[in-house]
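Participant:
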Amino acid sequence: MNNDIVSELSFFVLLAKLGSLSATARELGITPPAVTKRLMQMEQRLGVRLLNRTTRRASLTSEGETYLSQAVRILGDIRDMEESVSSSRAAPKGLLRVNATLGFGRTTIAPLVSAFSRRYPDVEVQLQLTDRAINLVEDAYDLGIRFGELPDTRLGARKILSNQRFLCASPAYLKRHGAPRLPQDLAQHRCILHRQNNDTHSTWKLGKGRKTETVKVHGSLSSNDGDVVLGWALDGHGILLRSEWDAAKYLDSGRLQVVLADYTLPSADLYVYYPSRQQQPARVRAFIDFLAESVPAATAPRKKPSPAR
1 MNNDIVSELS FFVLLAKLGS LSATARELGI TPPAVTKRLM QMEQRLGVRL LNRTTRRASL
61 TSEGETYLSQ AVRILGDIRD MEESVSSSRA APKGLLRVNA TLGFGRTTIA PLVSAFSRRY
121 PDVEVQLQLT DRAINLVEDA YDLGIRFGEL PDTRLGARKI LSNQRFLCAS PAYLKRHGAP
181 RLPQDLAQHR CILHRQNNDT HSTWKLGKGR KTETVKVHGS LSSNDGDVVL GWALDGHGIL
241 LRSEWDAAKY LDSGRLQVVL ADYTLPSADL YVYYPSRQQQ PARVRAFIDF LAESVPAATA
301 PRKKPSPAR
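Every letter in the sequence shown is one number past the one before it in UniProt numbering, and letter 120, counting from 1, is 120.
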């Protein structure tokens, strides 16, 4: 592939992004007729029309859509190839786009990004926090940081932290309503529901040995914010399903107690995941290694929580 083809692909990606011949001309520092001529030469060489042009806007034809998607992929592969070759000797640098969940991203990942930036000042980090499901490729993120099962098995991933889930409640709630002895007892209790994405938040799965029981729970309080539901549990409003990372300090202090301690729940291990590639830029590898080093270190040793009695 010669430089003329790479330049042509880059030109078309820019044109499609801006959606205007005049805007592309301004961006490239050339005249609008020069942009039109270059586009026409591409279309003549390919034998198809790539854009529908008007005086104000340009829209992609179906052939243009196909050409654009392939151009973006090819340019990305070229960039990754060059970075993988040069990164073996060069220090990490360039733009790194990271997505993490709101609460954990704010309290834990943001401070780690600060420390990472001091170690690697030539890396520009853009941290986006959201609890919604994301598509790393379509949303153009280099890395996603999430608890629980991976959203797409086609992605590459690295486990950063083991993280158990518990059912827990405050001593005040358990004094008033008693502690459940069996999973089916949960149907008679007030449960606090954490609504996340499209997860089945009101269905809890509890395992013991080889047997798993699925329980439909109910409650008058629910929220999509983890800190909010944790606060309600501390206030004595019901039984909550929460992870070790979020609840450990309250379990250690006794403000919350584990219920149904003999049963296990699906884990909420922490993963960093990324588009599966043979070679990763140095900045991506450096950030993943930094997380693997720093996140467990930020987790204080914790004793095993005591069950409710």
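Even for Gly, the Cβ is constructed at its ideal location relative to N, Cα and C.
Pop quiz: Leu186 and Val215 are said to be a contact at Cβ under 8 Å. What is the actual Cβ separation, rounded to whole angstroms?
Facilitator: 5 Å
Participant: Which complete alpha helix (DSSP H) runs does the segment 104-152 hold, if anything under 4 residues is left out?
Facilitator: The alpha helix (DSSP H) runs lying completely inside the segment 104-152 and spanning 4 residues or more are 110-119, given in chain order.
Participant: Helix, strand or coil for Lys37, going by three-state DSSP, please let me know.
Facilitator: DSSP places Lys37 in helix when its eight states are reduced to three.
Participant: Once the 5 residues before and after Leu224 are set aside, which same chain residues still bring their CB inside 8 Å of it?
Facilitator: It should be noted that the sequence gives Asn, not Leu, for residue 224. Here the set comprises Asp131, His194, Arg195, Gln196.
Participant: Taking 8 Å as the cut-off, decide whether the C-beta atoms of Pro92 and Ala261 are in contact.
Facilitator: no
Participant: Between Tyr173 and Asp235, what straight-line distance do the alpha-carbon atoms span, to the nearest angstrom?
Facilitator: Cα to Cα, the separation comes out at about 8 Å.
Participant: Which whole-angstrom value is the C-beta distance of Phe166 and Glu244, which I expect to be below 8 Å?
Facilitator: Confirmed, about 7 Å.
Participant: Using the three-state DSSP reduction, which class does Thr214 fall into: helix, strand or coil?
Facilitator: strand
Participant: Buried or exposed for Gln128, going by 16 or more other Cβ atoms inside 10 Å?
Facilitator: exposed
Participant: Which whole-angstrom value describes the C-beta separation of Pro296 and Leu161, a residue pair presumed to lie in contact below a C-beta threshold of 8 Å?
Facilitator: 6 Å
Participant: Could you check where the alpha helix (DSSP H) with Ala247 kicks off and where it finishes?
Facilitator: 244-253
Participant: With distance defined between alpha-carbon atoms, name the residue in Glu293, Val113, Leu182, Ser69 nearest to Arg158.
Facilitator: Glu293
Participant: Express the C-alpha separation of Ser62 and Thr108 in angstroms, rounding to a whole number.
Facilitator: 44 Å
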